[in-house]
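In our numbering, the protein residues as written are -13 to 259.
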């Protein structure tokens, strides 16, 4: 991975605090009627199918890293009966996630914690599944993250994530600019991500390039953002609207031209109980 030294977890938290404090979500524009509070590229059905492939069912202990506003955690708890601990760096997202769980009557199944994933202390072997949904691109030191995930999994437990990846090399200056405007800590390639999973001591069960989701999401979100310009300008101001528009136009172009994509991986902790 090409690390972006301009971004750390605190910077990411501030970025999402500024976006979500307006009460608007650009991701909701892409999902429309399928919005359940997810910031990732996936529909609820796609989240559910992936979760079941990872072995999530009633009673499964799940760690959701980069849980955002709590949408997927609450959705999975409600649909599958799993227990979820969600961790996120955004103060605003954390508060919204807690409110979501309370309003949906899921406090007995879902818990949200605020903090950086490299600083949090969790018991080893405590989780059946560690989940990530298009959030780990924001987390620095990806190899270290994956090793921590491996330690938190019980023997036979599974790591399951989707994330943005660089499919074709960008010029260094373009990559730096792209990662900085999105507060990405860097971009893996499919090959480097798979290698990092193995280096963390996990056994890869499946990896799939799902880049059609990337083009779909950023096309829809750009269309919706332009259509709802007045709302976003009123909530965030004209300058921040223009910044968002530039960010989305750049990202959609990278997605539809096959430079930016998405990878889905499921891996297993091969240790014995």
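Note that CB positions come from ideal geometry on N, CA and C, so glycine has one too.
1. Please report the distance separating the alpha-carbon of residue 174 from that of residue 240.
2. Report the option in 183, 114 and 29 whose CA atom is closest to the CA atom of residue 69.
3. Between residue 131 and the rest of its own chain, which residues show a CB-CB distance below 6 Å, the 5 nearest in sequence each way excluded?
4. Can you tell me the Cα-Cα spacing of residue 141 and residue 256, whole angstroms?
5. Hey, how far is the Cα of residue 285 from the Cα of residue -2?
6. Check the DSSP bridge columns for residue 194 and list the partner residues they point to.
7. Should residue 46 be labelled buried (16 or more other beta-carbon atoms within 10 Å of its own) or exposed?
8. How big is the Cα-Cα spacing for residue 0 and residue 73?
9. Tell me which residue opens and which closes the alpha helix (DSSP H) that residue 3 is part of.
10. Within a Cβ cutoff of 7 Å, which residues of the same chain sit near residue 65, ignoring the five residues on either side of it in sequence?
11. Look up residue 73 in the DSSP assignment and give the residues it is bridged to.
12. Determine the contact status of residue 286 and residue 119, defining contact as a CB-CB distance below 9 Å.
13. Going straight from the alpha carbon of residue 103 to that of residue 144, what length do you get?
14. Check whether the Cβ atoms of residue 110 and residue 246 lie closer than 9 Å to each other.
15. What's the C-alpha gap between residue 146 and residue 209?
16. In the structure shown, what three-state DSSP assignment does residue 31 receive?
17. May I have the straight-line CA-CA distance separating residue 194 from residue 223, to the nearest angstrom?
18. Based on DSSP bridge pairs, tell me the residues matched to residue 119.
19. Give me, in chain order, the residues of the same chain whose beta-carbon lies closer than 8 Å to that of residue 153; leave out the 5 immediate sequence neighbours on both sides.
20. Among residues of its own chain, excluding the 5 on either side of residue 238, which ones have a beta-carbon nearer than 7 Å to its beta-carbon?
21. Put residue 230 into one of helix, strand or coil per three-state DSSP.
22. Since I believe residue 42 is in contact with residue 62 (beta carbons under 8 Å), could you give me their beta-carbon distance rounded to a whole number of angstroms?
23. Can you list, in chain order, the residues of its chain whose CB lies under 6 Å from that of residue 99, leaving out five sequence neighbours each side?
24. Measuring alpha carbon to alpha carbon, tell me which of 225, 221 and 184 ends up nearest residue 253.
25. Return the Cβ separation of residue 2 and residue 71 in integer angstroms, given the expectation that the two are a contact with Cβ distance under 8 Å.
26. Could you pull out every residue in the same chain whose Cβ sits closer than 8 Å to the Cβ of residue 201, ignoring the five residues on either side in sequence?
In short, the structure shows the following:
1. Indexing the chain shown from 1 puts residue 174 at position 188. Indexing the chain shown from 1 puts residue 240 at position 254. Their backbone Cα atoms lie some 15 Å apart in a straight line.
2. Counted from its first residue, the chain shown places residue 69 at position 83. Comparing Cα-Cα distances from residue 69 to each of 183, 114 and 29, the minimum goes to 114.
3. As a first step, residue 131 is located in the chain shown; it is residue number 145 there, counting from the start. Within the same chain, residue 131 has close Cβ partners 125.
4. Reading the chain shown from its first residue, position 155 is the one you call residue 141. Reading the chain shown from its first residue, position 270 is the one you call residue 256. Straight-line Cα distance between these residues: approximately 6 Å.
5. Shown here, the chain extends from -13 to 259; a query on residue 285 therefore has no answer.
6. On the chain shown, position 208 is the one that residue 194 refers to. 250, per the DSSP bridge assignment.
7. Working through the chain shown from its first residue, we reach residue 46 at position 60. So residue 46 ends up on the buried side.
8. Here the question's residue 0 lines up with position 14 in the chain shown. Here the question's residue 73 lines up with position 87 in the chain shown. Approximately 15 Å, taken between the alpha carbons.
9. To locate residue 3, count along the chain shown from 1; it is residue 17. Taken as a continuous stretch (DSSP letters only), the alpha helix (DSSP H) holding residue 3 covers -5 to 6.
10. As a working note, residue 65 is residue 79 in the chain shown. Excluding positions up to five away in sequence, the list reads 34.
11. As a first step, residue 73 must be located in the chain shown, where it is residue number 87. Paired residues: 51 and 99.
12. No information on residue 286 is available, as it lies outside the stretch -13 to 259 that the chain covers here.
13. Here the question's residue 103 lines up with position 117 in the chain shown. Here the question's residue 144 lines up with position 158 in the chain shown. Using only the alpha carbons, I get a separation of about 18 Å.
14. Sequence index remark: in the chain shown, residue 110 carries index 124 (1-based). Sequence index remark: in the chain shown, residue 246 carries index 260 (1-based). No; because the gap between Cβ atoms is not below 9 Å, this pair is not in contact.
15. The sequence position of residue 146 within the chain shown is 160, counting from 1. The sequence position of residue 209 within the chain shown is 223, counting from 1. Computed Cα separation, rounded: 30 Å.
16. Within the chain shown, the letter at position 45 stands for residue 31. In the structure shown, residue 31 sits in a helix (DSSP, three-state: H, G or I).
17. Position 208 of the chain shown, counted from the start, is the residue given in the question as residue 194. Position 237 of the chain shown, counted from the start, is the residue given in the question as residue 223. Going by the C-alpha atoms only, they are around 39 Å apart.
18. Stepping through the chain shown from its first residue, residue 119 is reached at position 133. In the DSSP output, where bridge partners are listed per residue, residue 119 has 148.
19. Translated into the one-based positions of the chain shown, residue 153 becomes position 167. Result list for residue 153: 175, 176, 195, 197, 244, 245, 246 and 247, in chain order.
20. On the chain shown, position 252 is the one that residue 238 refers to. 204, 205 and 208.
21. Here residue 230 refers to the residue found at position 244 of the chain shown. Residue 230 falls in the helix class under three-state DSSP.
22. Here residue 62 refers to the residue found at position 76 of the chain shown. Here residue 42 refers to the residue found at position 56 of the chain shown. Rounded, the Cβ-Cβ distance is 6 Å, consistent with contact.
23. In the chain shown, residue 99 corresponds to position 113, counting from 1. Cβ neighbours of residue 99 beyond the five flanking positions: 73.
24. Here residue 253 refers to the residue found at position 267 when the chain shown is read from its first residue. Closest by alpha carbon: 184.
25. The residue labelled residue 2 in the question sits at position 16 within the chain shown. The residue labelled residue 71 in the question sits at position 85 within the chain shown. Contact flag wrong, Cβ pair sits at about 19 Å.
26. Along the chain shown, one-based indexing puts residue 201 at 215. Closer than 8 Å at the Cβ level, and outside the excluded window around residue 201, lie 238, 241 and 242.
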